[in-house]
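*Asks:*
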Amino acid sequence: MIKKVATITLNPAYDLVGSCQDIELGRVNRIQTVSLHAAGKGINVAKVLKDLGVDVSVSGFLGKDNQDGFQLMFNDLDIDNHFHSVPGNTRINVKLTEKNSIVTDFNFSGFEVTTQDWERFVHDSLIWLSQFDMIAISGSLPAGIDPNNFTDWMICLRAQCPRIIFDSSHETLIAGLKIAPWLIKPNRHELEIYTGRPLPLLEDVVTAAQALHKEGIAHVIISLGDEGAVWINRSSIWIAKPPICKSVISTVGAGDSMVGGLMYGLLMCQSNEDTFRLATAVAALAVSQINVGVKDRLQLSALMERVDLKHFDQK
Ligand SMILES: Nc1ncnc2c1ncn2[C@@H]1O[C@H](COP(=O)(O)OP(=O)(O)OP(=O)(O)O)[C@@H](O)[C@H]1O
Ligand SMILES: [Mg+2]
Numbered sequence: 000m001i002k003k004v005a006t007i008t009l010n011p012a013y014d015l016v017g018s019c020q021d022i023e024l025g026r027v028n029r030i031q032t033v034s035l036h037a038a039g040k041g042i043n044v045a046k047v048l049k050d051l052g053v054d055v056s057v058s059g060f061l062g063k064d065n066q067d068g069f070q071l072m073f074n075d076l077d078i079d080n081h082f083h084s085v086p087g088n089t090r091i092n093v094k095l096t097e098k099n100s101i102v103t104d105f106n107f108s109g110f111e112v113t114t115q116d117w118e119r120f121v122h123d124s125l126i127w128l129s130q131f132d133m134i135a136i137s138g139s140l141p142a143g144i145d146p147n148n149f150t151d152w153m154i155c156l157r158a159q160c161p162r163i164i165f166d167s168s169h170e171t172l173i174a175g176l177k178i179a180p181w182l183i184k185p186n187r188h189e190l191e192i193y194t195g196r197p198l199p200l201l202e203d204v205v206t207a208a209q210a211l212h213k214e215g216i217a218h219v220i221i222s223l224g225d226e227g228a229v230w231i232n233r234s235s236i237w238i239a240k241p242p243i244c245k246s247v248i249s250t251v252g253a254g255d256s257m258v259g260g261l262m263y264g265l266l267m268c269q270s271n272e273d274t275f276r277l278a279t280a281v282a283a284l285a286v287s288q289i290n291v292g293v294k295d296r297l298q299l300s301a302l303m304e305r306v307d308l309k310h311f312d313q314k
């Protein structure tokens with residue numbers, strides 16, 4: 000039977016990616032444009048799943064005034080589009096990489112979601128998402144959506160689809176964790192903000208992740224940038240280290256790519272080890288290219304072989 004998968008991006012963006020020498024505040028800065036493309040965390044996940052051969056539906060909100068880039072992309076990729084159009088523009092996020100590889104983000108504001116827009120979205124989504132095997136909810140909330148209303152919607156969604164994958168930060172992360180989603184993948188920094196304390200050692204990260212697992216989250220994956228990721232579930236604790244990537248092009252979307260890989264493995268009932276190896280390789284692929292996606296299966300297989308996967312032994 001074909002499995003049905005959806006990803007939800009409530010606050011997508013056009014990503015304007017560029018590089019420069021050093022950003023000089025208060026000066027004219029000349030930027031080399033790398034790309035301008037329709038993006039958003041759930042959309043990145045959908046692209047990865049589509050490349051891996053999974054049919055995927057997408058939803059969320061788009062600004063009416065500049066939605067063409069998104070519509071073209073969904074048509075090109077043959078992605079089933081359920082986005083709601085709202086008055087205004089989808090925001091633009093500017094990502095600048097300086098010569099020292101430090102990335103600075105400028106996230107502009109975009110459309111605002113009215114109470115009526117939100118109620119329509121909740122009503123529609125609970126109807127069309129009623130038959131899905133896995134639903135990923137990724138990213139922040141746009142202006143106008145009350146985090147408490149977001150939590151209420153997630154409760155209703157979980158009643159229809161127990162396998163909710165959730166990847167967010169700050170107040171949206173707090174709102175979403177209240178429902179104990181099936182799988183989460185914060186990065187170390189997001190987990191530190193959530194727990195309110197620094198987590199410098201791997202042991203600290205594992206302890207904080209175990210606490211979330213005990214609260215009912217079946218799969219807790221914490222990503223650690225180029226150090227890899229840890230995965231805690233009822234069977235074990237694993238640590239996966241990616242192969243060293245000599246030419247890092249852009250780390251944007253590495254976490255989303257990992258989420259896509261995790262969803263693929265779990266959807267196909269692969270073992271936890273195979274799933275984690277695949278997800279780590281898909282994420283490593285993302286950092287070696289401008290955009291996310293898996294165009295070269297041979298490159299993916301080669302990266303999978305180079306992932307260092309181990310059980311984590313707690314002292
Ligand atoms: N330099 C790198 N080389 C190889 N793999 C990397 C590198 N940086 C990140 N990764 C892989 O990508 C995964 C996710 O990275 P990271 O922890 O930066 O996610 P994130 O901050 O959630 O990313 P985003 O939200 O921008 O998609 C890591 O667990 C790791 O496996
Ligand atoms: Mg992330």
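Under numbering that gives the first Met the number 0, the first residue of the sequence shown is numbered 0, with each subsequent residue one higher. From the three backbone atoms N, C-alpha and C, an ideal C-beta is built for every residue, glycine too.
#1: Taking 9 Å as the threshold (C-beta atoms), are I136 and G41 in contact?
#2: In the DSSP assignment, the alpha helix (DSSP H) including Q115 goes from what residue to what residue?
#3: Excluding five sequence neighbours on each side, which residues of the same chain lie with their C-beta closer than 8 Å to the C-beta of V204?
#4: Helix, strand or coil for Q70? Go by DSSP, reduced to three states.
#5: Run through the segment 23-88 for me and flag every whole beta strand (DSSP E) of 3 or more residues, listed as ranges in chain order.
#6: So what's W152 in DSSP terms, helix, strand or just coil?
#7: For ligand 2, I want to know if D225 counts as a neighbour, meaning its beta carbon is within less than 8 Å of at least one of the ligand's heavy atoms.
#8: With a threshold of 8 Å, are at least 3 pairs of Cβ atoms found where one atom belongs to the segment 39-56 and the other to the segment 253-270?
#9: Under 8 Å: do the segment 94-101 and the segment 3-23 share three or more Cβ pairs, one atom per stretch?
#10: Anything with a beta carbon under 6 Å from a heavy atom of ligand 2 counts; list them all in chain order.
#11: What number of angstroms, rounded off, separates the C-alpha of P185 from the C-alpha of S235?
#12: Please list the terminal residues of the continuous alpha helix (DSSP H) segment that includes I192.
#13: From this set, W237, Q288, G292, which residue's C-alpha is nearest F275's C-alpha?
#14: If you run the structure through DSSP and keep just helix, strand and coil, what is A217?
#15: Counting beta carbon pairs with one atom in the segment 156-175 and one in the segment 66-77, are three or more of them shorter than 8 Å?
#16: I'd like to know if the segment 267-282 and the segment 298-309 are in contact, where contact means that at least 3 CB-CB pairs between them fall below 8 Å.
#17: Within its chain, find whatever has a CB closer than 7 Å to the CB of G227; leave out the 5 residues flanking it on each side and keep chain order.
#18: Compare the Cα-Cα distances from Q340 to each of T89, G52, G59 and report the closest residue.
*Replies:* This is what the structure gives:
#1: In this structure, G41 sits near I136, with a CB-CB distance shorter than 9 Å.
#2: Its alpha helix (DSSP H) spans residues 114-127.
#3: Excluding sequence neighbours, V204 sits near R187, L190, L198, I221, L223, V229.
#4: Residue state, collapsed to three classes: helix.
#5: You should have 31-38, 55-62, 83-85.
#6: Of the three classes helix, strand and coil, the one that applies to W152 here is helix, per DSSP.
#7: No, the beta carbon of D225 sits no closer than 8 Å to any heavy atom of ligand 2.
#8: Segments in contact, yes.
#9: As far as the Cβ criterion goes, the segment 94-101 touches the segment 3-23, which means the pair count is three or higher.
#10: The set, ordered by position in the chain, is D166, N186, G254.
#11: Each residue's Cα considered, the two are about 19 Å apart.
#12: 187-194 is the span of the alpha helix (DSSP H), which, as asked, contains I192.
#13: Relative to F275, the option among W237, Q288, G292 whose CA is nearest is W237.
#14: The three-state reading of DSSP puts A217 in coil, since its state is none of H, G, I, E or B.
#15: Taking a cut-off of 8 Å on C-beta distances, the segment 66-77 does not touch the segment 156-175, as fewer than three cross pairs fall below it.
#16: Result yes; three or more Cβ-Cβ pairs closer than 8 Å.
#17: Result list for G227: I238, A239, K240, P241, T279, in chain order.
#18: A query on residue 340 cannot be resolved here, the shown segment of the chain reaching from 0 to 314 and no further.
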